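Here the structure comes first, spelled out in structure tokens, and everything after it is commentary.
Number of protein chains: 2
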Amino acid sequence: MRRMTARPANAHQARLLHLLRDDGPNSRAQLGDRVELSRSKLAVEVDRLLETGLVVADGLAASRGGRRSHNIRLNPGLRFLGVDIGATSVDVAVTNAELEVLGHLNQPLDVREGPVAVFEQVLSMAAKLRASGVAEGFDGAGIGVPGPVRFPEGVPVAPPIMPGWDGFPVREALSQELGCPVMVDNDVNLMALGEQHAGVARTVGDFLCVKIGTGIGCGIVVGGDVHRGTTGSAGDIGHIQAVPDGHPCVCGNRGCLEAHFSGAALARDAAEAARQGRSPELAARLAANGGLSAADVAAAAAAGDTTALDLIREGGTRTGQVIAGLVSFFNPGLVVIGGGVTGLGHTLLAAIRTQVYRQSLPLATGNLPIVLGELGATAGVIGAARLISDHLFSPA
Amino acid sequence: MRRMTARPANAHQARLLHLLRDDGPNSRAQLGDRVELSRSKLAVEVDRLLETGLVVADGLAASRGGRRSHNIRLNPGLRFLGVDIGATSVDVAVTNAELEVLGHLNQPLDVREGPVAVFEQVLSMAAKLRASGVAEGFDGAGIGVPGPVRFPEGVPVAPPIMPGWDGFPVREALSQELGCPVMVDNDVNLMALGEQHAGVARTVGDFLCVKIGTGIGCGIVVGGDVHRGTTGSAGDIGHIQAVPDGHPCVCGNRGCLEAHFSGAALARDAAEAARQGRSPELAARLAANGGLSAADVAAAAAAGDTTALDLIREGGTRTGQVIAGLVSFFNPGLVVIGGGVTGLGHTLLAAIRTQVYRQSLPLATGNLPIVLGELGATAGVIGAARLISDHLFSPA
DNA sequence: CGGCCTTTGTCCACTCAGTGGAGAAAGTGC
DNA sequence: GCACTTTCTCCACTGAGTGGACAAAGGCCG
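Quick look at the structure:
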């Protein structure tokens, strides 16, 4: 199917598209109230958008006491593909132009198998979603990868946990395969975008989004925009020193936060505790599955295992120490905690909060909410869809 | 004397004023090359600026092979006042509209004497500068204070080292006294603005400016703009934990960077070393002056005193540890070190560099210059002048 | 049902910022 | 003195945007 390739011709049209995306269908009249445009001008721009097909008029809005208005909405046939490649699994979702998730698949997959194998998988998942009827084709795709990205080109750079991905032209290649525009970004940044669009961060201009999964990263939003840094590695907080002369880390240093607390570190510490007989609960799980994961620790903690709880608390304290420093430095209006370990839930959150509120200055923490992300696994894919829609809804 | 109060009427005029400020006098023709405007439009806007008096035409430019062009420059009579209030001294300077320093005074002064006493001093210094003939009056003033500021209102908030300043309406009060527009900001942010305008950071969009004086702070520039944070306390890195269970700090925690390295901490450690007989050089200075300051440590180090050098190196290492974390997080394109301790010079810089390059990931440090600020004590006052000129050179 | 009100959508004359070309003004170089 | 270049001014023209008039469409109420 031939997809839309139109782009807004000017800033007014871009503004309208963003409004329709974020606030849903709207009447001409109400759009006129929000945008600073005369009715005439608005009518002209809306007509042009209708011509491009990006926007359609469907039915009449409810009366506000006079003539009923025609409803304007983004073309309901538009489809975005959101892909969130994690270290150990992939999420693929389809959204409409309002970024509502219409279909969502998740599969375990080791990112170390390399870009070719991963994208084969991603494309087959996308095909499966198409076959399920939620989409006939895609008008754009956003891709999140678990490592730094040279954003303008859409190419991963020196990703420590992604051997074989360095310099792989993700944007170029996927754009070819999918036949639509593609944007690539760090998965953490996309999680931040997702929470900003549809989650807890809707009303905040400056916030941090800490993702604790296999690794640890942090999305930075300044004045509503994602800060990616000079080389695209901003937010790479997993290798900030949390414990002087602590555990050795894959990066070559000692005491990195990631070496002390992350999905991988937690599994390692849990296995050690089990073997040392400090936790019957964990030992039972180790014997049953032949291995332990962060989920096992979460389950054991939920079952009241004190060793598991201690592991989570200590990790939260370490993470809180690092976040406290970032809060002093950046003075955000909100801190969001997300990622795979949100299963650890409020035990983790409480430990982080305690540490941050204790260690940062009152002026910075006084009115600082620290909350769990509310979108879970969909944050990444929604953020991915938003990334590409932001691109397509801007003048070329 | 009646001062100019005109402001640019639109974005084009603002653009022109900024160009004239940053690149100096210019011909109409050359301005036309830089701005995206037709000759006609440019002529109209320049004429209007001439009418306001913000800009004057003086003489003819050199020929470029044809008719000679009239030179356009910012009104050479415009004067900005830049005030940099430190913890232990005040800098006051007068600049022209191109932010060149025409006169500069410095006086020791304890900020804890409170706003009334300090501003009395500042006003008398400003009067002295006026009397010296560099200015007849001021068209605007920028003020830097050593603590967080609620920027839109120009009011210090909860400044730990500035008792008596909390909530004092600095902007309001000084605007009354001086009879001109005033803007207030954290001194560290102004140092960053200064280095951005006329120092080492001229070409960098994202950078950090670490000021080590009586305390430690960090100016954050994102995309060319200063990031002040949600409550104006961004960059307050002096209270990031550098040493677990380290020295107690005035803020109530232990191990804050500021408690281990800053002008005050360095003086304290030096005095202790002197009393313990570890450094004859420092002991001699202690005996001579009855006390020690950071400058004494610098002098002792310059004289080859190993204890003094060790103190500086250790402080640099601590600072480097914190900066390494910030570099991982923020991924700046440049780090500037400034403040009173730049007297410690390259010993300090080397220690910081070593630590940052060792502890941060190669992707973030690969092309990261870490340099000393090149403006010294004038960075703050130039930044202050720039703050107010940015304000006055923007449409009202 | 039929006025009378409100809201919505369309049309159109008018304003105003901005463009680009013509040509005068002011120099340079031979 | 003449040809050429650059600067500056003038002016007709374009095109975006405005705001008012008016038609269309519906609700409210006697």
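Quick note, the sequences are listed as chains A and B, same order.
In terms of this note's numbering, the first sequence opens at residue 364 and continues consecutively.
In terms of this note's numbering, the second sequence opens at residue 364 and continues consecutively.
Note that CB positions come from ideal geometry on N, CA and C, so glycine has one too.
Quick caveat: nothing in here was measured; it's all calculated off a predicted structure.
- Against residue 581 (chain B), the close residues of chain A are 692, in the order they occur along the chain (beta-carbon pairs closer than 9 Å).
- Rounded to the nearest whole angstrom, the CA to CA distance from residue 691 (chain B) to residue 727 (chain B) is 6 Å.
- By the Cβ neighbour-count rule, residue 574 (chain B) is buried, with 16 or more other Cβ atoms within 10 Å of its own.
- Residue 462 (chain B) has its alpha-carbon roughly 22 Å from the corresponding atom of residue 452 (chain B).
- Straight across, the Cα-Cα distance linking residue 576 (chain A) with residue 618 (chain A) is about 18 Å.
- Here residue 729 (chain B) is exposed. Its C-beta has fewer than 16 other C-beta atoms within 10 Å.
- Per the C-alpha coordinates, the member of A:447, A:459, A:428, A:431 positioned closest to residue 441 (chain A) is A:459.
- Runs of beta strand (DSSP E) with 3 or more residues, each lying fully within the segment 571-642 of chain B, are found at 579-585, listed in chain order.
- In this structure, residue 731 (chain A) sits near residue 698 (chain A), with a CB-CB distance shorter than 8 Å.
- Measuring C-alpha to C-alpha distances from residue 608 (chain A) to each of A:616, A:601, A:565 identifies A:616 as the nearest.
- Residue burial annotation: residue 552 (chain B) is buried, with at least 16 other C-beta atoms found within 10 angstroms of its C-beta.
- Short of 7 Å from the beta carbon of residue 740 (chain A), and not among the five residues preceding or following it, lie these beta carbons of its own chain, in chain order: 454, 469.
- Between the alpha carbons of residue 569 (chain A) and residue 598 (chain A) lies a gap of roughly 14 Å.
- Just so you know, the alpha carbons of residue 589 (chain B) and residue 475 (chain A) end up roughly 39 Å apart.
- If you draw a straight line from the Cα of residue 513 (chain A) to the Cα of residue 478 (chain A), it comes to about 16 Å.
- For residue 533 (chain A), there is no enclosing beta strand (DSSP E); the enclosing alpha helix (DSSP H) covers residues 533-541.
- The contact set of residue 604 (chain A) on chain B, defined by CB atoms closer than 8 Å, consists of 684, 687, 688, 722 in chain order.
- DSSP lists B:453 as the beta-bridge partner residues of residue 470 (chain B).
- When C-beta distances to chain B are compared with 7 Å, the residues of the segment 499-531 of chain A below that value are 511, 520, 521, in chain order.
- For residue 552 (chain A), there are no neighbours in chain B by C-beta distance under 9 Å, as the nearest C-beta there is about 12 Å away.
- Interface annotation for the segment 547-578 of chain B against chain A: 569, criterion Cβ-Cβ distance under 7 Å.
- Cβ neighbours of residue 450 (chain A) within its own chain (closer than 7 Å, five residues either side excluded): 474, 509, 524, 576, 577, 578.
- For the segment 585-611 of chain A, the set of positions with a beta-carbon nearer than 9 Å to some beta-carbon of chain B reads 585, 586, 588, 590, 591, 592, 593, 594, 595, 596, 597, 598, 599, 600, 601, 602, 603, 604, 606, 607 in chain order.
- When secondary structure is reduced to three states using DSSP, residue 723 (chain A) falls in the coil class, being assigned neither helix nor strand.
- Look at the segment 670-709 of chain A and you find no whole run of alpha helix (DSSP H) that is 4 residues long or longer.
- For residue 746 (chain B), there is no enclosing beta strand (DSSP E); the enclosing alpha helix (DSSP H) covers residues 741-755.
- For residue 382 (chain B), the closest alpha carbon among the candidates B:395, B:372, B:370 is that of B:395.
- Listed along chain A, no residue sits closer than 8 Å to residue 373 (chain B) by beta-carbon distance, the nearest being about 16 Å off.
- In this structure, the CA atom of residue 471 (chain A) is about 10 Å from the CA atom of residue 448 (chain A).
- Annotation for residue 587 (chain B): 559, 568 place their beta carbon closer than 8 Å to its own, counting only its chain and skipping 5 residues before and after.
- Its chain contains 456 as the residues whose beta carbon lies nearer than 6 Å to that of residue 467 (chain B), once the 5 sequence neighbours on both sides are disregarded; these appear in chain order.
- Residue state for residue 503 (chain A) is assigned as strand, using DSSP reduced to three classes.
- Look at residue 437 (chain A) here: in three-state DSSP terms it is strand.
- Using a Cβ-Cβ distance cut-off of 8 Å, the segment 708-720 of chain B and the segment 675-682 of chain B are in contact, since at least three pairs of beta carbons, one from each stretch, lie closer than that value.
- For residue 420 (chain A), the enclosing beta strand (DSSP E) stretches over residues 418-423.
- Straight through space, the alpha carbons of residue 710 (chain A) and residue 735 (chain A) are spaced by roughly 11 Å.
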